[in-house]
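Keeping their order, the protein sequence lines are chains A and B. If you're matching positions, the first sequence starts at 1 in our numbering and goes up one per residue. If you're matching positions, the second sequence starts at 1 in our numbering and goes up one per residue. In this text, a Cβ means the ideal position worked out from N, Cα and C, and glycines have one as well.
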Amino acid sequence: MEKLIFFGQFAVVAVLSIVTFAIILAKPMSAVRRKQLLFVASILVPVLAIFFIVRIYPMLQTLIISLFKYDPIRPVKPFRGLGNYVQLFTRDEQFQQSMRNTLLFAGITVPVNMLIGLCLALVLQRRFRGSSFFESLFFIPYIAPIVPMAIVWQWMYAADGVFNQIILALGAGKVAWMSLHTALYSIMIMFIWQMNGYLMLIFLVGLRGIPDMYYEVASIDGANWWVQFTRVTLPLLRPITLYGLIVATLWAFMVFSQVFVMTQGSDVAPGAAVQVLVLDIYQKGFTYRKMGLASAEAVMLLLIILVITLAQLRLGKAKE
Amino acid sequence: MKKLVLVMLITCSLVLSLSAGGQQEAGGQSLAGEITFWQSYPAVNEVYSEYAVQYMEEHPESKITLSLFTARAFDDKLNTAMPAGTAGDILEGWDGQLWAYISAGLLAEPPGYMLDYYRETTMKFLQREGDIYGMPTFVGLKYLFWNQDWFADVGLNRAPTTITEMMEYAKKLTVYDNSGQPVKAGLAFRVSGGGYGVAEKWWMKTLGPMGKAPIEVTGEKKWASNFDTPEAVASVQYYLDGLYNYKVDSFDIERDIAAFAKGKAAMIQKESQAIPFLSDTAPDLKYGIAPMPGDKIRGTLAVIIGNYVNADCKNKALAWDVIKFFNTPERHRKMFLETGWNPVRGDVDYGPVYDAKPKFAGLMDFPSGYEAYFYPINNSWSEIWPKTGEWLTKMYARKDLANDRAALQAECKKFSDTVNQILKENDEFAAK
Chain A
1 MEKLIFFGQF AVVAVLSIVT FAIILAKPMS AVRRKQLLFV ASILVPVLAI
51 FFIVRIYPML QTLIISLFKY DPIRPVKPFR GLGNYVQLFT RDEQFQQSMR
101 NTLLFAGITV PVNMLIGLCL ALVLQRRFRG SSFFESLFFI PYIAPIVPMA
151 IVWQWMYAAD GVFNQIILAL GAGKVAWMSL HTALYSIMIM FIWQMNGYLM
201 LIFLVGLRGI PDMYYEVASI DGANWWVQFT RVTLPLLRPI TLYGLIVATL
251 WAFMVFSQVF VMTQGSDVAP GAAVQVLVLD IYQKGFTYRK MGLASAEAVM
301 LLLIILVITL AQLRLGKAKE
Chain B
1 MKKLVLVMLI TCSLVLSLSA GGQQEAGGQS LAGEITFWQS YPAVNEVYSE
51 YAVQYMEEHP ESKITLSLFT ARAFDDKLNT AMPAGTAGDI LEGWDGQLWA
101 YISAGLLAEP PGYMLDYYRE TTMKFLQREG DIYGMPTFVG LKYLFWNQDW
151 FADVGLNRAP TTITEMMEYA KKLTVYDNSG QPVKAGLAFR VSGGGYGVAE
201 KWWMKTLGPM GKAPIEVTGE KKWASNFDTP EAVASVQYYL DGLYNYKVDS
251 FDIERDIAAF AKGKAAMIQK ESQAIPFLSD TAPDLKYGIA PMPGDKIRGT
301 LAVIIGNYVN ADCKNKALAW DVIKFFNTPE RHRKMFLETG WNPVRGDVDY
351 GPVYDAKPKF AGLMDFPSGY EAYFYPINNS WSEIWPKTGE WLTKMYARKD
401 LANDRAALQA ECKKFSDTVN QILKENDEFA AK
């Protein structure tokens, strides 16, 4: 069954290619036109074949594997139909916990990230001495490699780390930043620190793209800063805001490295007790070799992201 | 024409036999070629790197490449590399960890001469009957490390021998601040962290002494969960008592061997490989090493680490020869001396090691009736055990469970069902 589906996909692509050429050859047309079409087809078919292999095939394969009980080291991979999906929603507590954590993660980080990004952009919008330095300063975490950054934050969150030293100096008690109950929120802080530089940058581009005359006209009409912000800036920033919202949502749903590095492999980290969807997919697939279940979860993640992104796009267009 | 063919055949066979004669052989097979050796124990890797150089000096026609992975990455790497046929030729691990590959036929059966070597060299109490795949190289046995000065300060002069006594000692040893919160642990509990650590410490610290294993054999290659037993409930309660009722440790105190080295924990359970670490990081620390405290039984979890050969290995004779070479009596002693991991060879005199490091003396002397218990060997274990660690981490964080036995029992029952479900999915479950 699995082999049939595997080879079937390539057979369909091959047949479609042959049919395309056959139609061009069989259909009555001028020799010049046929030559042109054959040229176009011979250019497009390899490109489309590569596109299929690197883009479509992995997604199809994930979908197909999600229908099997798929252990890569077992020769027999029984067909389960929708069994993996049913299992996820009925008796996979790890998945359900991961889903709750990921929704919480997205629910907090997306608006906070957007807000901080926008605030920073508003502050840096007017060029002043040192503004370029601050732009770079806020943007650097975004381009810095995630793993060493996460390790540094892990140190900062340690019992004797810099955060607790500051808190102690202020006279308060130590905070267990990476305990089971606080680790997810601590990772959110690190995540926001790391990502909002990018949002700041795109908001900055958007803000600097708004012509000054709008603000001048608004000033003449007696609009104060807040009115200018809500009636001029925000409406004109809508395309940028929509893009930022989609990007920030994707980041939040696909968060992995920060959680992986900061929660695993250390005696003081909470381990797999702090789960998000992509980490759960990774563990199911690569730690427990439950590739079918992991693929089903990956398909669910894709659907969730797709629905949210489409909803955001539709909402953005409706407002336009 | 026939003569010409005959002459060519004879010439070819002569050339082949001469070239083969230039290379050393093991079990009648050539030792020329390359092998890769995957490891996940850093200290052992350091020693083995020297041995690899020595081997290649003695066998210039051979090449050994060692690769070291973190324990966590090692399992994940194997899970992708084994089915892809790209894993190392020799793999360092233990039966339970690698059983899925053994049962799938992905690891090579040792040849007869290696099985003889196993029977002749491995300590008798570590030998297993039945399917032997890995050649033992060292063993992780747990010990109680106790801070002698700290004990003396509170009027104690020996290590506890039962887990009840261990808790009583811990209460006396814990140092509290003005608000009654522990700032130095009387007994270090492992309450968080990834991988097998949390679960392993729980088993050997409480459940094991109480006479239970996490799962028990209920038939031919069948098991059932023990997580719903009174012993399992009591063992989790022991941790909750330590954390919330007696407060002999807390989540805020640094933990594991680093805490012991810094004088932040009076007692800790650890393998003997902690000794070199303590020599380096806390040379002035006065500490004792005692057998694990008991309850219904007294003993230790024994994790026998061995070297396994990949079924895809193209130079199996070379691989087995390397394994033997790395474990000659002299090299086995050196591995013990430098890494601190307990040796497995019963035919080696460790006197020189004990002379060089007196702390190692007595590591293999156990009280009478002391038992070694082992990880179960089945396909489910590699999923059950990390999930046990995750579950325990959540339980330890539940202060509300510390004085609510019924709720704790319900949680244990729920997790027991999860464990049985994993066993069922692997066709390894049979009811008790």
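Extent of the continuous alpha helix (DSSP H) run through Ile146(A): Residue numbering aside, residue 146(A) sits at position 146 when the first sequence is read from its first letter. Taken as a continuous stretch (DSSP letters only), the alpha helix (DSSP H) holding Ile146(A) covers Ile146 to Met156.
Between Lys324(B) and Ile187(A), what straight-line distance do the alpha-carbon atoms span, to the nearest angstrom? Sequence index remark: in the second sequence, residue 324(B) carries index 324 (1-based). Sequence index remark: in the first sequence, residue 187(A) carries index 187 (1-based). Between Lys324(B) and Ile187(A), the C-alpha separation is close to 47 Å.
How many whole angstroms separate the CB atoms of Thr162(B) and Asp295(B), which I take to be in contact at a CB cut-off of 8 Å? Residue numbering aside, residue 162(B) sits at position 162 when the second sequence is read from its first letter. Residue numbering aside, residue 295(B) sits at position 295 when the second sequence is read from its first letter. Right, their Cβ atoms sit about 6 Å apart.
Collapsed DSSP secondary structure at Ala296(A) in the structure displayed: If you number the first sequence from 1, residue 296(A) lands on position 296. Ala296(A): helix per DSSP, three-state reduction.
To which residues does DSSP link Lys77(B) through a beta bridge? Position 77 of the second sequence, counted from the first residue, corresponds to residue 77(B). Bridge partners of Lys77(B): none, in fact.
DSSP state of Phe151(B), grouped into three classes? By one-based count along the second sequence, residue 151(B) stands at place 151. DSSP places Phe151(B) in helix when its eight states are reduced to three.
Using a C-beta cutoff of 8 Å, does Asn310(B) count as contacting chain A? By one-based count along the second sequence, residue 310(B) stands at place 310. Output row for Asn310(B): interface = no.
My assumption, with CB atoms under 8 Å, is that Val344(B) sits in contact with Met123(B). Please give the rounded CB distance. As a first step, residue 344(B) must be located in the second sequence, where it is residue number 344. As a first step, residue 123(B) must be located in the second sequence, where it is residue number 123. Confirmed, Cβ separation roughly 6 Å.
Note down, in chain order, each residue of its chain lying with its Cβ closer than 8 Å to the Cβ of Ile384(B), except the 5 sequence neighbours on either side. Taking the second sequence and counting its residues from 1, one reaches residue 384(B) at position 384. Same-chain partners within the cutoff: Pro214, Ile215, Val419, Ile422 and Leu423.
DSSP beta-bridge partners of Ser225(B): Sequence index remark: in the second sequence, residue 225(B) carries index 225 (1-based). DSSP output for Ser225(B) lists Ile215(B) as bridge partner(s).
For Tyr308(B) and Phe145(B), which I take to be in contact (beta-carbon distance under 8 Å), what is that distance rounded to the nearest angstrom? Within the second sequence, the letter at position 308 stands for residue 308(B). Within the second sequence, the letter at position 145 stands for residue 145(B). A Cβ-Cβ distance of about 31 Å is found for the pair Tyr308(B) and Phe145(B), leaving them out of contact under the 8 Å criterion.
Closest by CA to Glu425(B), which one among Tyr70(A), Gln125(A), Phe51(A) and Phe7(A)? Numbered from its first residue, the second sequence carries residue 425(B) at position 425. For Glu425(B), the nearest C-alpha among the options comes from Tyr70(A).
Buried or exposed, going by whether 16 or more other CB atoms sit within 10 Å of the CB of Phe95(A)? Position 95 of the first sequence holds residue 95(A). Phe95(A) is buried by the Cβ-count criterion.
Establish whether the CB of Lys394(B) and some CB of chain A are separated by less than 8 Å. If you number the second sequence from 1, residue 394(B) lands on position 394. Lys394(B) counts as touching chain A.
Among the residues of its own chain, which have a CB less than 6 Å from the CB of Tyr198(A), if the five just before and after it don't count? Taking the first sequence and counting its residues from 1, the one referred to as residue 198(A) is at position 198. Around Tyr198(A): Tyr142.
Helix, strand or coil at Tyr143(B) according to DSSP, with G and I counted as helix: For this step, residue 143(B) is matched to residue 143 along the second sequence. Strand, per DSSP.
Using 8 Å as the Cβ pair cut-off and three pairs as the minimum, do the region 244 to 264 of chain B and the region 166 to 184 of chain B touch? yes
Taking C-alpha atoms, which residue in Ile102(B), Ile257(B) and Phe360(B) lies nearest to Asp131(B)? Counted from its first residue, the second sequence places residue 131(B) at position 131. Residue Ile102(B) is the option with its Cα nearest to Asp131(B).
Interface positions of the region 176 to 201 of chain A facing chain D (Cβ-Cβ less than 7 Å), listed along the chain: The structure shown contains no chain D; its protein chains are A and B.
Is Ala430(B) helix, strand or coil by DSSP? Walking along the second sequence from the start, residue 430(B) turns up at place 430. Of the three classes helix, strand and coil, the one that applies to Ala430(B) here is coil, per DSSP.
Which class does Trp385(B) belong to by DSSP, given the choice of helix, strand or coil? Taking the first residue of the second sequence as 1, we reach residue 385(B) at position 385. Three-state result, Trp385(B): helix.
Can you tell me which of the three DSSP states Asn378(B) falls into? The residue you call residue 378(B) lines up with position 378 of the second sequence. In this structure, Asn378(B) counts as coil in the three-state DSSP scheme.
Between the region 32 to 41 of chain A and the region 257 to 265 of chain A, do three or more beta carbon pairs fall short of 8 Å? no
Interface flag, Pro386(B) vs chain A, CB-CB below 8 Å: Residue mapping note: residue 386(B) aligns to position 386 of the second sequence, counting from 1. Yes, because at least one Cβ of chain A sits closer than 8 Å to the Cβ of Pro386(B).
Apart from the five residues just before and just after Phe134(A), which ones in its own chain have a Cβ nearer than 7 Å to its Cβ? To locate residue 134(A), count along the first sequence from 1; it is residue 134. The residues are Leu124.
Return the first residue and the last residue of the beta strand (DSSP E) that Leu301(B) is part of. For this step, residue 301(B) is matched to residue 301 along the second sequence. Its beta strand (DSSP E) spans residues Gly299 to Val309.
Based on the DSSP secondary-structure assignment, which residues constitute the bridge partners of Met135(B)? To locate residue 135(B), count along the second sequence from 1; it is residue 135. DSSP lists Asn307(B) as partners of Met135(B).
With DSSP collapsed to three states, give me the class of Gly351(B). Here residue 351(B) is taken as the residue at index 351 of the second sequence, counted from 1. In the three-state scheme derived from DSSP, where H, G and I count as helix and E and B as strand, Gly351(B) is classed as helix.
Please report how far the alpha carbon of Pro239(A) lies from the alpha carbon of Ala311(A), in whole angstroms. Taking the first sequence and counting its residues from 1, the one referred to as residue 239(A) is at position 239. Taking the first sequence and counting its residues from 1, the one referred to as residue 311(A) is at position 311. Going by the C-alpha atoms only, they are around 15 Å apart.
Does any heavy atom of the ligand HEM sit closer than 7 Å to the C-beta of Asp349(B)? In the structure shown, the ligand HEM is absent, as is every other ligand, since no ligand is present at all.
Opposing strand residues paired with Ala265(B) [DSSP bridges]: Numbered from 1 along the second sequence, position 265 holds the residue referred to as residue 265(B). Within the DSSP secondary-structure output, Ala265(B) pairs in a beta bridge with Ala185(B).
Please state whether the Cβ-Cβ distance between Gly88(B) and Trp38(B) is less than 8 Å. As a first step, residue 88(B) is located in the second sequence; it is residue number 88 there, counting from the start. As a first step, residue 38(B) is located in the second sequence; it is residue number 38 there, counting from the start. It is a contact, given that the beta carbons lie within the stated cut-off.
Restricting to runs no shorter than 3 residues, where is the beta strand (DSSP E) found entirely within the region 189 to 272 of chain A? none
Report the residues of the region 247 to 264 of chain B with a CB closer than 7 Å to any CB of chain A, ordered along the chain. From the region 247 to 264 of chain B, only Phe251, Asp252, Glu254, Arg255 and Asp256 have a Cβ closer than 7 Å to chain A.
At 7 Å on the CB atoms, spell out the chain B contacts of Ile281(A), in chain order. Your numbering for residue 281(A) matches position 281 in the first sequence. Neighbours of Ile281(A) on chain B: none; closest Cβ ~13 Å, over 7 Å.
Straight-line gap, Thr218(B) to Lys399(B) (C-alpha atoms, nearest Å): Position 218 of the second sequence holds residue 218(B). Position 399 of the second sequence holds residue 399(B). Whole-angstrom Cα-Cα distance: 34 Å.
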